[in-house]
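Numbers given in our numbering equal positions in the sequence shown, counted from 1, plus 916. Ideal Cβ positions, reconstructed from N, Cα and C, are used throughout, including at glycine.
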Amino acid sequence: MSDSAQNVPPQAPQKSSFIGKIFGTVIASLVLSIVIEWVGMAFIWQDQGINHSKQMMAQEFAWFSSEFQQSLIYSKPVAFAQTSINFLHEWLFVKTGIQHWLNSPKNNAMESWVIYYVGDYIQATFYVMIVFVIRLFIIVLTSPLFILAALVGLIDGLVQRDLRRFGVGRESAYVYHHAKRLVAPVMFVAWVIYLSIPMSIHPNFILIPSAVLFGMMIALTSSSFKKYL
């Protein structure tokens, strides 16, 4: 019995699903963005304080309102974003009593001290979460860009593969396996950078280059796939 138990091969750890990776990336980006803002308020932009996240929120929403009036995914993205932000404020700050606690008169010196040092960080967290939601909406609304880049990259890669198949081109399993492993990280790393960067930056400067690189990785993966199945 003991020999048969020892002969059982160990089970390989289960890999997380693609949806699970997306969810994990989003949560990690949110936590990272809040931590970066807190560190910045404490050590980098002390003079700006809470105004840093507040100004960043205003700039991000201005870009969103001006450039995402219509979308292939949702007909009125700006109105939907405003509704979502109001819902977030209602449930995280009004329903929980945090807003009332921050604005109400303090009964003792200890409570006043806590509000003085912690209140700005709590409000900055809310502004950062709004920035995060706006950027997340932008990622969702620009997802057709990544789909188009993937489609173009796949077609180009298959054409290159057929040219190699009917010619004398050499195969490289090394290139294929490494390019395949980089496809998803290229997209996820771009999301993390865009969602957590502590400054206002136009989404085109991050999402367009990452979509191009994403398409290039798919093209390289499909072109280096073995000639004969």
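For residue 946 and residue 984, what's the separation of their Cα atoms in angstroms? As a position in the sequence shown, residue 946 is number 30, starting the count at 1. As a position in the sequence shown, residue 984 is number 68, starting the count at 1. Taking the straight line joining both Cα atoms gives about 22 Å.
Are the CB atoms of residue 1136 and residue 1091 nearer to each other than 8 Å? Mapped onto the sequence shown, residue 1136 falls at position 220. Mapped onto the sequence shown, residue 1091 falls at position 175. Closer than 8 Å, so yes.
If you check the beta carbons only, do residue 1009 and residue 1042 fall under 8 Å apart? What you label residue 1009 is simply residue 93 of the sequence shown in a count that begins at 1. What you label residue 1042 is simply residue 126 of the sequence shown in a count that begins at 1. Note that the C-beta distance between residue 1009 and residue 1042 is below 8 Å.
Kindly indicate which residue of 1116, 1139, 965 has the alpha-carbon position closest to the one of residue 980. Position 64 of the sequence shown, counting from 1, holds the residue named residue 980. Here the closest residue by C-alpha is 1116.
If you count every other CB in all the chains shown that lies within 10 Å of the CB of residue 1114, and 16 or more means buried, which is it? The residue given as residue 1114 occupies position 198 in the sequence shown. The C-beta of residue 1114 has 16 or more other C-beta atoms within 10 Å across all chains shown, which makes the residue buried.
C-alpha gap between residue 941 and residue 998, whole angstroms: As a working note, residue 941 is residue 25 in the sequence shown. As a working note, residue 998 is residue 82 in the sequence shown. For the pair residue 941 and residue 998, the Cα-to-Cα distance works out to about 24 Å.
Mind the definition here: the stretch 959-969 touches the stretch 1122-1137 only if three or more C-beta pairs lie below 8 Å; say whether that holds. No, they do not touch.
What three-state label does DSSP hand residue 1120 in the structure shown? Against the sequence shown, residue 1120 aligns to sequence position 204. Residue state, collapsed to three classes: helix.
Residue 964 in three-state terms, based on DSSP: Looking up residue 964 in the sequence shown gives position 48. Three-state result, residue 964: coil.
Please return the same chain residues whose Cβ sits closer than 6 Å to the Cβ of residue 1147, not counting the five positions on each side in sequence. There is simply no residue 1147 to check, as the chain begins at 917 and stops at 1145 in what is shown.
Alpha helix (DSSP H) segment containing residue 1045, residue limits: Counted from its first residue, the sequence shown places residue 1045 at position 129. For residue 1045, the enclosing alpha helix (DSSP H) begins and ends at 1025-1057.
From residue 1025 to residue 1006, what distance separates their C-alpha atoms? Within the sequence shown, numbered from 1, the residue matching residue 1025 stands at position 109. Within the sequence shown, numbered from 1, the residue matching residue 1006 stands at position 90. Straight-line spacing of the CA atoms in residue 1025 and residue 1006 works out to 29 Å.
Do residue 1061 and residue 1127 come within 8 Å of each other at the CB atom, strictly closer than that value? Here the question's residue 1127 lines up with position 211 in the sequence shown. Here the question's residue 1061 lines up with position 145 in the sequence shown. The answer is yes: Cβ separation under 8 Å.
Range covered by the alpha helix (DSSP H) that runs through residue 958: Numbered from 1 along the sequence shown, position 42 holds the residue referred to as residue 958. Neither: residue 958 is in no alpha helix (DSSP H) and is coded neither H nor E.
Thinking just about the alpha-carbon of each residue, which of 1039, 937, 973, 1031 is nearest to the one in residue 1049? Here residue 1049 refers to the residue found at position 133 of the sequence shown. Shortest Cα-Cα distance from residue 1049 to any of 1039, 937, 973, 1031 involves 973.
Quick check on this structure: which residue in 970, 1140, 948 has the alpha carbon closest to the alpha carbon of residue 1069? As a working mapping, residue 1069 is identified with position 153 in the sequence shown. When each option's Cα is compared against that of residue 1069, the closest is 1140.
Residue 1018, enclosing alpha helix (DSSP H) - first and last residue: Numbered from its first residue, the sequence shown carries residue 1018 at position 102. Element bounds for residue 1018: 1014-1019.
If we ignore side chains and look at the alpha-carbon of each, how far apart do residue 957 and residue 1111 end up? Here residue 957 refers to the residue found at position 41 of the sequence shown. Here residue 1111 refers to the residue found at position 195 of the sequence shown. The straight-line gap separating the alpha-carbon atoms of residue 957 and residue 1111 is approximately 18 Å.
Kindly list the residues whose CB is nearer than 6 Å to the CB of residue 1119, restricted to its own chain and excluding five residues on each side of it in sequence; keep chain order. Translated into positions along the sequence shown, residue 1119 becomes position 203. 1054, listed in sequence order.
Pull up the CB-CB distance for residue 976 and residue 1051, whole angstroms please, since I reckon it's below 8 Å. The residue given as residue 976 occupies position 60 in the sequence shown. The residue given as residue 1051 occupies position 135 in the sequence shown. So it is a contact: roughly 7 Å between Cβ atoms.
In whole angstroms, give me the CA-to-CA distance for residue 1019 and residue 933. Along the sequence shown, one-based indexing puts residue 1019 at 103. Along the sequence shown, one-based indexing puts residue 933 at 17. Distance between the alpha carbons of residue 1019 and residue 933: 44 Å.
Consult DSSP for residue 1115 and reduce its assignment to one of helix, strand or coil. Counting from 1 along the sequence shown, the entry for residue 1115 is found at position 199. If DSSP states are grouped into helix, strand and coil, residue 1115 belongs with coil.
Residue environment, residue 1028, which counts as buried when at least 16 other CB atoms sit within 10 Å: Counting from one through the sequence shown, the residue named residue 1028 turns up at place 112. Exposed, since its Cβ has fewer than 16 Cβ neighbours within 10 Å.
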